[in-house]
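So the protein sequences, as listed, match chains A and B. Using my numbering, the first residue of the first sequence is number 1, and each one after it goes up by one. Using my numbering, the first residue of the second sequence is number 1, and each one after it goes up by one. Built from N, CA and C at the ideal position, the CB exists for glycine as well. So the structure is just underneath, and the comments pick up after that.
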Amino acid sequence: MIEVSFYAAIIVFIIGAGIQFFRLNKNKDFSNPKKSNRPQYNIKGFFLNTFLQAKLFKAGKVRWAVHFVLFLSFLYLLIVHGLHAVTAELFFSDYEPTLDPFQFLRNVSGFFVLAAGIAFIVRRSFNLRINQDKRIKIHGLITVIVIVLLIGSGFLLEASKIISEPIFMEMVEEYSDIDDEELIDLKLHWKDNYAVFFQEDLQSAPEQLENGQVLNEEYCLYCHSPIKSAGISRAVVKAIYSAGQWFNVNRIDKALYWFHYGLCLIILICLPFSRLLHIFLIPFSSSQKKKTVHDYQKSSVSINLATLYACTNCGYCSQVCNIYPNYQINRNPDVLPHAKIESVKGLLKDPSSINKWQLNAGNGACTLCYKCTDICPSGIDLQSLWTVLDKKLGEMGAVDNNDLINETSLNEWMAKEFISNQKIKQDGSPNCGTSSGNLTSTLADRIESFENCIQCTICTNVCPILGYDSNGIDMTPHQIMNLLRLGEKHLATSTRMVWSCLTCYACQENCPQEIQVTDILLELRNAGGMTADIIQKNKLTEKLINK
Amino acid sequence: MNNQEQINCDLLVIGRGFAGMVAVDRASALGLKTVQAGSSSSLFLDSGLIDLLGVYPVNKLRIVKDPEVSLAMLKTDIPDHPYSKISNKKLFESLYFLFDSLNDADLAYEYQKGENFFILTAAGTFKPSFMVPKTCLNGCAKNLNNKRVLFVDFKGLKGYSARQISNVVHKLCPRSSALTIEVPGRSGDMTPMMLAGLFEDDQFLAMITKIIRSKIDNIDLVGFPAMCGINNSLEIVEQIEKMIGCACFEIPGLPPSIPGLRFKNAFEKKMSQNNVTVLNKAKMRFDSFKDHTFFMTAVNRNMNTSIQAKGVILATGRFQGGGLHAKRGLIQESIFHLPVYQPERRNQWYDLNFFHPDGHAVNQAGIETNEMFQPVDKKNIPEYDNLYAAGSILACNDWVRLKSGSGVSCVSAVTAVDHFYARLKGGQ
């Protein structure tokens with residue numbers, strides 16, 4: 001029964017892994033790898049990050065310590081405890097689960113995994129100093145809860161076995177040839193020293209206990225270390241001892257065994273689809289060759305999308321993100337890498353489920369500063385991902401505000417602007433999340449700020465944009481000031497000048513009338529950006545306007 | 001308003017225009033510790049020509065050929081005019097000081113004693129001016145007489161037309177012609193700054209000289225808009241002359257004007273060499289005057305700077321520069337609230353005839369001073385010991401009609417600084 005279920009689980013696991021591999025492989029073309037490029041590997045990174053978790057160490061020492069202890073403990077439990085049928089023959093000829101040091105080590109490892117797991121759950125549930133994506137909060141928690149349940153049931157199982165009278169009797173029958181009187185002596189000894197719960201009321205005498213000890217040495221001690229070393233389980237025994245009769249009569253130990261074993265099989269089956277896949281994918285992503293500046297310059301960057309699933313959503317990337325203030329003002333979650341990566345995964349699964357405009361706006365704000373890539377404990381090449389994503393989103397038809405305005409004719413813009421202004425009045429906040437920043441224009445709305453313009457064209461003369469590319473600019477700064485004087489602010493927001501401004505402040509510095517030309521241009525850009533946001537968010541189309 | 005800085009200096013010059021620049025230059029030449037403060041300079045709008053006196057008497061529209069003769073007339077006619085407060089010797093000394101100073105800053109100018117140049121402008125007219133950039137010199141009326149002149153302009157350049165100039169100067173040089181050059185890759189508008197930048201590029205020069213040589217032969221002179229480079233215009237004009245094989249000149253035009261920018265750059269270069277503290281974009285506030293010392297504050301958008309100065313030169317200009325402020329009833333001086341010479345009532349500001357040859361009464365408004373350029377009250381007593389006024393803010397100075405803007409600015413600034421210097425040294 002046990003073997004059958006185990007092999008069945010293995011088969012399901014292999015099928016699941018195959019499906020995942022197929023899925024990840026299918027998505028490979030998202031990254032546009034050039035076929036001539038042979039994959040190159042980073043051997044050093046692979047070893048350092050797999051066995052020592054070097055990148056996690058770099059990211060945070062405490063976090064590394066907790067994770068590394070968990071990693072080692074889980075590894076011990078898996079190899080020595082879980083797979084003892086295989087490994088005992090290979091490595092430990094005298095393995096018995098109830099013998100020290102195995103019993104002790106099992107308890108210690110179990111304790112570490114349990115403690116780390118609970119700490120993890122608490123931290124994730126209450127969002128203690130952590131950025132995590134809401135979409136996968138539960139997803140990430142379930143995996144850890146299952147592991148905690150596994151270890152918890154393990155301790156309960158061990159405790160129930162310790163107090164079990166039926167198991168004691170089975171063992172006595174199998175491994176000894178003692179008579180009934182001696183049995184009572186042994187029972188007495190085990191009741192006192194091994195915490196077995198016996199149904200009958202046993203009266204002890206000193207000579208009986210001595211005899212029991214002799215019998216114990218004769219028959220049991222080869223396989224049974226004192227339960228002192230099973231620290232956690234002994235504590236559990238104390239808690240359940242009063243219910244010992246119920247445990248023994250109903251053979252709860254058997255039920256717990258199946259529960260514990262079942263959980264192992266469930267974890268095994270779900271592994272390819274769960275967050276635990278990072279166990280295999282982090283070594284894989286760490287082994288990817290690091291990109292150089294040269295690669296980015298050649299714009300030949302690519303990324304294997306399987307590495308995305310190495311992400312544990314630890315949120316370290318967002319803690320160091322250069323443009324976190326952008327998120328604080330715009331409340332666009334796709335500004336932050338940890339949320340962006342989830343959106344990319346969503347995009348791979350079902351492109352229609354993702355707000356491409358929001359993702360594009362978030363990705364467009366990225367400065368490609370490399371900080372997230374540098375810190376990522378999973379070793380994911382985020383820098384390349386953002387670069388590729390930018391290109392892909394463009395191909396998928398997502399346009400940023402600059403492009404949108406560039407492609408919109410003036411008439412169309414005026415119509416859309418009118419609707420979006422009404423929308424602002426209705427909805428209040430024009431931003432995609434809960435807006436806190438006030439980005440609306442103020443200078444351009446106040447006549448005093450531009451009424452002194454004498455149209456001397458100094459601003460236009462000193463503008464480096466016009467010097468660089470006069471053909472691509474529709475209006476010059478002094479003409480924008482004139483538009484404002486004519487009360488046509490909404491037209492000014494869509495001009496190329498406003499959207500191409502470098503904010504070098506040359507115009508403002510040179511203005512003889514002290515007009516804050518650059519500040520005004522910048523505000524106009526913000527105002528236009530907001531209008532464009534609303535247009536994109538609400539998918540204002542020509543049809544809608546005609547209605 | 002979070003920063004407070006404190007500066008002590010000998011002389012504070014308020015104003016970043018022509019008079020302010022000359023005053024700072026003179027003060028640093030005399031070794032005074034100088035601070036310049038004011039709103040941003042509008043020298044970019046300056047033509048670059050330094051006029052002394054172009055038209056006198058104004059109501060007879062008589063063009064001045066010999067400024068010394070007309071100056072003598074002006075001094076007897078208008079005793080309140082700034083020129084009347086100083087001797088001819090001092091007046092020309094001041095101009096020659098400016099000449100040397102500009103030469104120091106690699107900006108070559110030219111003047112001739114007792115005679116105005118008549119410089120061709122972008123309108124095709126000739127403007128009487130005393131001191132002119134060397135690059136414009138070939139464009140004076142004397143040199144153009146009956147010459148075969150080619151006027152060049154560039155496609156997309158606004159406010160400048162070679163054809164117009166050629167047509168207007170037809171009488172003086174009937175064999176002149178015009179040429180429009182299209183700069184490849186620049187189909188849109190061309191600004192003076194862009195063109196001046198292009199002139200600093202050798203490839204561009206090779207391109208335009210090739211076009212000029214291929215299209216036209218038998219020419220004596222080539223006239224360009226005054227945009228031949230921003231920094232080393234004389235070298236560039238000489239280079240073009242070599243490449244074309246005939247004399248060239250620049251024609252000053254409408255603002256924004258590159259010669260004005262060169263002028264500003266030259267002064268700013270000198271100021272940085274002389275370690276002059278410049279507070280740009282600062283509004284000045286007068287706090288108090290104690291023990292012959294001015295306590296002023298320069299208010300910038302994010303910074304306040306306290307300044308203690310032993311003397312102040314007020315060169316804030318008129319309405320455009322912000323030195324004078326026109327209220328409904330009267331005209332005020334913005335910083336010290338000095339008495340302003342002005343028509344009694346607002347309806348007297350302008351004559352009914354806008355083009356009246358005498359000009360308008362409001363154009364005479366300004367600060368009245370004594371012969372040391374100290375602002376005075378009605379009883380002719382200086383308001384403050386060490387306060388001097390210079391430039392267009394001075395009263396009875398209709399510089400637009402007299403064509404004497406730069407001259408008055410230069411002369412009053414230099415004289416005011418000299419008086420302050422003498423007083424400072426005398427006091428010690």
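Using beta carbons (cut-off 7 Å, strictly below), is residue i in contact with chain B?
{"i": "S494 of chain A", "result": "no"}
{"i": "G18 of chain A", "result": "no"}
{"i": "S470 of chain A", "result": "yes"}
{"i": "T442 of chain A", "result": "no"}
{"i": "G437 of chain A", "result": "Residue confidence for G437 of chain A is low, a pLDDT of 42 falling below 50, so the modelled location carries little weight; the figure read from the coordinates is stated next. Closer than 7 Å: no."}
{"i": "N421 of chain A", "result": "no"}
{"i": "N548 of chain A", "result": "The requested residue 548 of chain A is not part of the displayed model; chain A covers only 1 to 547."}
Using 8 Å for Cβ pairs, my map puts residue i next to residue j. What's the rounded Cβ distance?
{"i": "L276 of chain A", "j": "F13 of chain A", "result": "Contact doesn't hold; Cβ gap of about 12 Å is too wide."}
{"i": "S306 of chain B", "j": "G322 of chain B", "result": "The Cβ separation is near 21 Å, so there is no contact."}
{"i": "N452 of chain A", "j": "Q513 of chain A", "result": "4 Å"}
{"i": "Y95 of chain A", "j": "F102 of chain A", "result": "6 Å"}
{"i": "A413 of chain B", "j": "A37 of chain B", "result": "Actually they are not in contact, since the Cβ atoms of A413 of chain B and A37 of chain B sit about 15 Å apart, beyond 8 Å."}
{"i": "L324 of chain B", "j": "V299 of chain B", "result": "Actually they do not touch by this definition, with Cβ atoms about 19 Å apart."}
{"i": "S496 of chain A", "j": "D474 of chain A", "result": "First, the amino acid is wrong: residue 496 of chain A is Arg here, not Ser. Indeed, because the Cβ distance is near 5 Å, the residues count as touching under 8 Å."}
{"i": "I147 of chain A", "j": "G110 of chain A", "result": "With 8 Å as the limit, I147 of chain A and G110 of chain A do not qualify as a contact, their Cβ atoms being about 11 Å apart."}
{"i": "K349 of chain A", "j": "L393 of chain A", "result": "Going by Cβ atoms, the distance from K349 of chain A to L393 of chain A rounds to 16 Å, so no, they are not a contact pair."}
{"i": "K155 of chain B", "j": "L179 of chain B", "result": "The pair is not a contact, with the Cβ atoms about 11 Å apart (cut-off 8 Å)."}
{"i": "F46 of chain A", "j": "S287 of chain A", "result": "4 Å"}
{"i": "A315 of chain B", "j": "G391 of chain B", "result": "4 Å"}
Given that residue i touches chain A, what residues does it touch there, using C-beta distances under 8 Å?
{"i": "S40 of chain B", "result": "E509, N510, C511, P512 and E514"}
{"i": "M131 of chain B", "result": "Simply none; closest approach about 23 Å."}
Counting only beta-carbon separations shorter than 7 Å, does residue i have a partner in chain A?
{"i": "T297 of chain B", "result": "no"}
{"i": "S187 of chain B", "result": "yes"}
{"i": "M1 of chain B", "result": "Reliability fails at M1 of chain B, whose pLDDT of 45 lies under 50, so the model's placement of it is uncertain and the value that follows must be treated cautiously. No, no contact with chain A."}
{"i": "G197 of chain B", "result": "yes"}
Residue i touches chain B at which residues, Cβ-Cβ below 9 Å?
{"i": "V66 of chain A", "result": "Ordered by position in chain B, no residue passes the 9 Å Cβ test against V66 of chain A, which lies about 44 Å from the chain."}
In chain B, which residues lie with their C-beta within 7 Å of the C-beta of residue i?
{"i": "L466 of chain A", "result": "T191 and M194"}
{"i": "I458 of chain A", "result": "F44 and P256"}
For a contact defined as C-beta to C-beta under 8 Å, what are the partners of residue i on chain B?
{"i": "V462 of chain A", "result": "M193"}
In chain A, what lies closer than 7 Å to residue i by C-beta?
{"i": "K281 of chain B", "result": "E514"}
Tell me the start and end of each unbroken alpha helix (DSSP H) in the region 367–428 of chain A that is at least 4 residues and wholly inside, in chain order.
The region 367–428 of chain A contains these whole alpha helix (DSSP H) runs: 371–375, 382–395, 401–407 and 410–427.
Do the region 212–229 of chain B and the region 12–22 of chain B make contact, defined as three or more Cβ pairs closer than 8 Å?
Under the Cβ criterion (8 Å, minimum of three pairs), the region 212–229 of chain B does not count as touching the region 12–22 of chain B.
Fully enclosed by the region 237–299 of chain B, which beta strand (DSSP E) runs are 3 residues long or longer?
Counting only runs of 3 or more, we get 247–251, 277–280, 283–290 and 293–299.
Given 8 Å, three or more beta-carbon pairs between the region 34–45 of chain B and the region 241–260 of chain B:
Result yes; three or more Cβ-Cβ pairs closer than 8 Å.
Taking the runs of the alpha helix (DSSP H) that are 4 residues or longer, which of them lie wholly in the region 69–142 of chain A?
Counting only runs of 4+ residues, the alpha helix (DSSP H) found wholly inside the region 69–142 of chain A occupies 84–90 and 102–126, in chain order.
Secondary structure, alpha helix (DSSP H): runs of 4+ residues fully inside the region 506–535 of chain A:
Fully enclosed alpha helix (DSSP H) runs of 4 or longer: 506–510.
When the Cβ atoms of the region 45–64 of chain A are set against those of the region 375–391 of chain A, are three or more pairs found closer than 8 Å?
A contact exists between the region 45–64 of chain A and the region 375–391 of chain A.
May I have a chain-ordered list of the alpha helix (DSSP H) segments no shorter than 4 residues that lie completely inside the region 123–206 of chain B?
The qualifying runs are 141–144, 162–168 and 192–199.
Touch test, the region 236–248 of chain A against the region 154–169 of chain A, Cβ-Cβ under 8 Å, three pairs minimum
In short, these stretches touch, since the Cβ pair count reaches three.
Is it the case that the region 318–338 of chain A contacts the region 113–123 of chain A, given that we only count it when at least three CB pairs across the two stretches are under 8 Å?
The region 113–123 of chain A, when compared against the region 318–338 of chain A, does not touch it at the 8 Å Cβ threshold.
Just to confirm the assignment: which complete alpha helix (DSSP H) runs, minimum length 4, are found wholly within the region 257–324 of chain A?
Complete alpha helix (DSSP H) runs here, min 4: 278–286, 293–297 and 316–319.
Is it true that the region 398–407 of chain A meets the region 81–92 of chain A, where meeting means three or more beta-carbon pairs spaced less than 8 Å apart?
No, they do not touch.
Measuring CB atoms only, is the region 238–247 of chain B touching the region 201–208 of chain B, in the sense that at least three cross pairs come out at less than 8 Å?
Judged by pairs of C-beta atoms under 8 Å, the region 238–247 of chain B touches the region 201–208 of chain B, as three or more such pairs exist.
Taking 8 Å as the cut-off, does the region 401–410 of chain B touch the region 289–303 of chain B (at least 3 CB pairs, one atom from each stretch)?
They do not touch, by the three-pair rule.
When you compare the region 166–181 of chain A with the region 206–222 of chain A, are there three or more beta-carbon pairs, one atom per stretch, that lie closer than 8 Å?
Yes: the two stretches touch, three or more of their Cβ pairs being nearer than 8 Å.
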